[in-house]
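Working notes, beginning with the structure itself.
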Amino acid sequence: MKTIKIRLTSIEAVRDFVEVVRQFEGDIDLSSGRYVVDAKSIMGIFSLDLMNPITLTAYSTDENCDKLIESVKAYIVE
19 MKTIKIRLTS IEAVRDFVEV VRQFEGDIDL SSGRYVVDAK SIMGIFSLDL MNPITLTAYS
79 TDENCDKLIE SVKAYIVE
């Protein structure tokens, strides 16, 4: 399991992000406050507060998590 902070700033960014994460197996969640949604769900993502960074949590092997993080590095905030 790995956790990172990301920011999705536009409709296009959400669409592109979902296209990327759908390529990976395993559960990938996004959370904002007490709300947790499936990162592969566009509608779920739009139910979150996207004005602030959100937390991505990937539940998979370390190798798969590392590939996922590399694929979404454009959205990572520090």
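Counting from 1, position 71 in the sequence shown corresponds to residue 89 in the working numbering; the numbering is continuous, with no gaps.
Heads up, the beta-carbon is just placed ideally off N, CA and C, and yes, glycines get one too.
How far does the beta strand (DSSP E) with residue i in it extend, from its first residue to its last?
{"i": "VAL54", "result": "53-56"}
For residue i, count the other beta carbons within 10 Å of its own beta carbon; 16 or more makes it buried, fewer makes it exposed. Which is it?
{"i": "TYR93", "result": "buried"}
{"i": "ILE29", "result": "exposed"}
{"i": "ILE72", "result": "buried"}
So, using beta-carbon positions, are residue i and residue j closer together than 7 Å?
{"i": "THR75", "j": "ASP47", "result": "yes"}
{"i": "VAL38", "j": "VAL90", "result": "yes"}
{"i": "ARG33", "j": "VAL95", "result": "no"}
{"i": "ASP56", "j": "TYR77", "result": "no"}
{"i": "ARG40", "j": "LYS20", "result": "no"}
Could you spell out where the alpha helix (DSSP H) holding residue i opens and where it closes?
{"i": "SER89", "result": "80-89"}
{"i": "ILE60", "result": "60-64"}
Would you grab the beta carbon distance between residue i and residue j for me? Rounded to a whole angstrom, and I think it's under 8 Å.
{"i": "ILE22", "j": "ILE87", "result": "6 Å"}
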